[in-house]
Amino acid sequence: MNKSSFLADMKFMLALAFALSAIMSISAYLARKSGSLTTKTLEAALTLTGQSLSPLNEENKKAFEQTFAQIQGGKTPVWRFLNMENVLLLEASGNGMWGLIRLVMLFDTVENRILGVQVVEQNETSGLGGLIAEKPFLSKFTGMMAQNTVELAAMPIEEHQFDAISGATVSCKAVERIINEALRTVRSL
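When we follow our numbering, the leftmost residue of the sequence shown carries the number 10, and every step to the right adds one.
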């Protein structure tokens, strides 16, 4: 293989990767913009509310629609829990270290508490930033007071603070930004 052939192949692969990345990004953006309910969002929402996931099908989608009413679409879709008017389900996203992080959060507007968080999508480093999707990290948010914001802190002493995963500070800061954006959405309703 000569040098010019190698460079031509590399340029082609780079252009192809860029085109596929653009198509995937546009598809994800349009799905979020329309406020459509994805399978992963449905699964995370049902997990947070303790409903059965098996099998994940149209029946479960109907159960979701009988449990939640969408009150806002767009970048941060919001649904109201019909059994408890003060509980909202929000889907929010933002950039992490290596790509998009999308999460679903259940929030009590009367007590200003996060009732639960589930990661729907993430592309962080396995074993480091990828740990943001694991129960030990996500459980830090369950019951957390979030009157205004949540805050990453080296020594969390207040109800709205949490500590990072060692070696994954950037990913944890991204989760902090995403949750705080969702909280701003709640305040604007």
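Backbone N, C-alpha and C fix where the C-beta goes; we use that ideal spot for every residue, glycine too. These numbers come from a predicted model, not from an experiment.
{"Asked": "Option nearest I262 by Cα separation, candidates A24, A142, R196 and N95", "Found": "Residue numbering for the chain in the displayed model covers 10 to 198; residue 262 lies beyond these limits and cannot be assessed."}
{"Asked": "Secondary structure of V129, DSSP reduced to three states", "Found": "strand"}
{"Asked": "S102, enclosing beta strand (DSSP E) - first and last residue", "Found": "V96 to N104"}
{"Asked": "For W88: DSSP bridge partner residues", "Found": "Q79 and L98"}
{"Asked": "Closest residue to F77 among G138, W88, W107 and K71 (Cα-Cα distance)", "Found": "W88"}
{"Asked": "Local conformation of L137 per DSSP, three classes", "Found": "coil"}
{"Asked": "Proximal residues to G139 (C-beta, below 6 angstroms), its chain only, five neighbours per side dropped", "Found": "E133"}
{"Asked": "Length of the line joining the Cα atoms of S13 and T58", "Found": "58 angstroms"}
{"Asked": "Euclidean distance between Cα positions of N157 and E168", "Found": "11 angstroms"}
{"Asked": "Burial state of G82, where buried means 16 or more other Cβ atoms lie within 10 Å", "Found": "exposed"}
{"Asked": "Integer Cβ distance of V179 from F116, believed to fall under 8 angstroms", "Found": "Going by Cβ atoms, the distance from V179 to F116 rounds to 25 angstroms, so no, they are not a contact pair."}
{"Asked": "Through-space distance from I123 to M154, alpha-carbon basis", "Found": "7 angstroms"}
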